[in-house]
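S.K.:
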Amino acid sequence: MNCIKWRFLQNFIPNWRRFFSIFLLLSCLSFVDMQSAFAGINDDRYDGNVFVVYAGNGALVPPKTTLAKALAEHKPTFLAFYVDDSSDSKKYAIVISTVQEFYGRAAEIIPVNVDTIPIKETYSTTEPGYYYSGAVPQVVVFNQSGEVVLNKKGQVPYEEIDDRFREVFDLLPRTESVQLKRRAFNEFSSELAR
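Note that this note's numbering has the sequence shown beginning at 5, numbered continuously upward.
(1) Hey, quick one: how far does the alpha helix (DSSP H) through residue 142 stretch, first residue to last?
(2) Can at least three beta-carbon pairs, one atom from the segment 87-95 and one from the segment 130-146, be found at a separation below 8 angstroms?
(3) Between which two residues does the beta strand (DSSP E) holding residue 82 run?
(4) Whole-angstrom Cβ separation of residue 98 and residue 58, contact assumed at under 8 angstroms?
(5) Tell whether a beta-carbon distance below 8 angstroms holds between residue 165 and residue 145.
(6) For the beta strand (DSSP E) that contains residue 156, what are its first and last residues?
(7) Can you check which of these residues, 136, 102, 111, is closest to residue 163 by C-alpha distance?
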């Protein structure tokens, strides 16, 4: 009886080793063939939504309202045109997120993915396509009356957008107001620990 068990094990062990070797080889080959999943801010590849990946702000998309509704409610509006696979849009996402941080409660922040604008001959003034000029990033700021107070393409500095919103909300110019500083997370944590 022991002889039968021993022969079975002798036949099984080489097959087991061969099976394990093939499994190990296939596992290694599958890892070698995988593409990297690194997000790159300096390339024009799609890495996901620019606000989630590069600004850490998933609250911007989808927008909470439409341009037509914001203009009908006479709310100041910030329209930002972007494309998810543009390095310029990736770099500019943090500026749009900063605008939302300071003006998100008082104004409507509407990021518009250019790929979602329907192609038409003409647009009405309540459609984002009316204001899009063919480049990203592009920002458009509307006052309460629905008039355009800023319409610029490219990397528009936050300070320029802030100046227009200060005019819209009748706030002091930045040179006359107190410099606002964001509190660092570690300072906040240390205050909680006391």
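Heads up, the beta-carbon is just placed ideally off N, CA and C, and yes, glycines get one too.
M.R.: In this structure, then:
(1) No alpha helix (DSSP H) contains residue 142, which is instead part of the beta strand (DSSP E) from 142-146.
(2) yes
(3) 81-86
(4) 7 angstroms
(5) Yes, Cβ-Cβ distance for residue 165 and residue 145 is below 8 angstroms.
(6) 152-157
(7) 102
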